[in-house]
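In what follows, a structure is listed as structure tokens, so that the remarks can point back to it.
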Amino acid sequence: MHLLADLLLTDDWKTALAKVAFATNEARPDLRIDRRTVSNLDQSYGSSRRFDCRDVARRLKHDADHLDLAWLMLAANPRNPVVTAGFLDRLEDVVVKWADGEGIDTCLLNHNAMRRLERWLKIRDGMTSQHIDFFHATSDAGWKETKRIAEIAEKAEKNHAETPAEEARRLAGITKPDSADASEPMVPATVVIPANAEKLAEPYKSLAGKALPLVMTPELAPLRTALRAEFPHAHAAVDMMMIDLREGEPLAWRPFLLLGDPGCGKSRLVRRLCEHLGAKLRRYDGAASADNAFGGTPKRWSTASPSFPTLVVAQTKSANPVVMIDEIDKAGGNGWNGSLGNALMPFLERETARNYPDVGLDLEVDLSRLSYAATANDVTSLPAPLRDRMRVIRVPTPGVDHLPMLTASILRDVAADRGVDVEWMEPLAPDELEVVARAWRGGDMSVRKLQKIVSATVTARDEFASRH
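Position one of the sequence shown corresponds to residue 0 (numbering that gives the first Met the number 0), numbered consecutively onward.
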């Protein structure tokens, strides 16, 4: 197991120190992290200990094994996470890339190490903790205490004139009902097109100054269970797609790219995730893109149009819809007309998206609440800056072992396409499954091919039944 994943599963700082010191001494004996150094670190306390750990991390900054991250984990302080835990996004990427590069089944890793990493992230994002190190704070025993302390702090805050929740709503532009409608729940919403916008055509004119609703993240446990059942070959991918989601908060995730062979179910996986979340999804065809039209066309042209994300907001009447760029690796474009990759990058950074200068509307719009997903068969052709802005998640090709669960999921789609209640559609019988398996084996074992085989099998079964 990678050292960083092992550290996420470590329950106390002293044990973590021993592991990190051993690994560092093996890789970099010139740093002389010997028993005396370890003993001094163990006996030191507070800021002195953290300073020494950060100093070692600094000397390991460009280490290929990312030992600097291990020392930053030792230096992190859950009582001051904003200052000491800024490395967590990078830590997450390194652990995931390691697991993916090893070609191993990452389910156990995601269930355990990723669960611990999520606890680190919650503390970094503001969850109150009185522990002096992250390792104990995020252990199973320590987490119970951390949650108890956070609940006490939350109750205490409710006595203030403005609670953290109210402050968050105010800063996010969330609307509050008038006193006459006090029985109505507070509606999470935010303004996308400013009220001072002039000479806009519909549907953008009616959205100027209007607070559009934000889709909130539902309970995640049943959603995860359902997706893992539908995509038995992609459990690790499902977990990584959901890692940024927080129940009860506005739906948002770091941009990700699903990478896999043609027909392995990448686009369908994004679509089903959004359906379970209740998110508004719009697809952009990367293969058909040969310029920078994604970012909008200036008003001075007869074909003037807003950016695609602005168009999606207008279509969905939602401030945080999801944009999926399908087959982004097949996009063309260069020279004077620009490219999809260059047009897309400003939208992937929240700060630039918050004041995006939409040339089609000739004004700045707030597109910081949108979430982005992309699919690709290969990422080598993508610009490095674009790859760096997206979390790459591998989706493996399914095998015969996944056939029963995949066919059950595909049958639901077949029923929906035919306008039939899935309860009225019989599951495939064992002999039918065997026929499907024989037709699917060899060559292109893609989900797309399997969908065609299952649909043809159901059609043949129905035709046979109608004749007898």
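The beta-carbon is built from N, C-alpha and C at its ideal position, and this holds for glycine as well.
Judged by their CB atoms, Leu362 and Ala200 are not nearer to each other than the 9 Å cut-off. In this structure, DSSP gives Ser205 a helical state, which the three-state scheme calls helix. Between Leu3 and Leu90 a beta carbon distance of about 6 Å is seen, short of the 8 Å cut, so the two are scored as contacting. Taking the CA atoms as reference points, Thr14 sits about 22 Å from Val93. Judged by their CB atoms, Phe133 and Ile122 are nearer to each other than the 9 Å cut-off. Taken atom to atom, the span from the alpha-carbon of Phe86 to that of Asp238 is near 21 Å. Considering only Asp41, Asp88, Lys143, Gly125, the residue with the shortest C-alpha distance to Arg78 is Gly125.
Leu405 and Met241 have their C-alpha atoms some 21 Å from each other. Using a Cβ distance threshold of 9 Å, Pro426 and His232 do not count as a contacting pair.
Here Thr189 carries a strand assignment [DSSP, helix/strand/coil]. For Ser288 and Ala75, the gap between their C-alpha atoms comes out near 44 Å. With contacts defined as CB atoms closer than 9 Å, Pro217 and Leu276 qualify as a contacting pair. For secondary structure counted as the alpha helix (DSSP H) over 4 or more consecutive residues, the segment 343 to 424 holds these complete runs in sequence order: 349 to 353, 383 to 387, 402 to 416. For Phe293, there is no enclosing alpha helix (DSSP H), as DSSP marks it with neither H nor E. Per the C-alpha coordinates, the member of Ala26, Arg223, Leu211 positioned closest to Arg368 is Leu211.
A buried status is given to Gly294, since no fewer than 16 other beta-carbon atoms sit within 10 Å of its beta-carbon. Taking each of Asp29, Leu68, Leu219, Ala313 in turn and checking the Cα distance to Val190, the smallest one comes out for Ala313. Between the alpha carbons of Ala373 and Pro345 lies a gap of roughly 15 Å. In the three-state scheme derived from DSSP, where H, G and I count as helix and E and B as strand, Ala22 is classed as helix. Secondary-structure assignment with DSSP links Ser304 through a beta bridge to Thr296. For Pro212, DSSP records a beta bridge to Ala188. In the assembly as shown, Glu229 is a buried residue. Its beta-carbon has 16 or more other beta-carbons within 10 Å.
Comparing C-alpha distances from Val435 to each of Asp443, Met424, Trp423, Leu449 shows the shortest one belongs to Leu449. By the Cβ-count criterion, Trp423 is exposed, with fewer than 16 other Cβ atoms from all chains shown falling within 10 Å of its own Cβ. Sequence-distant Cβ neighbours of Ser128 in its own chain, meaning closer than 6 Å and more than five residues away, are Pro77, Ile122, Ala136, Thr145. Residue state for Arg58 is assigned as helix, using DSSP reduced to three classes.
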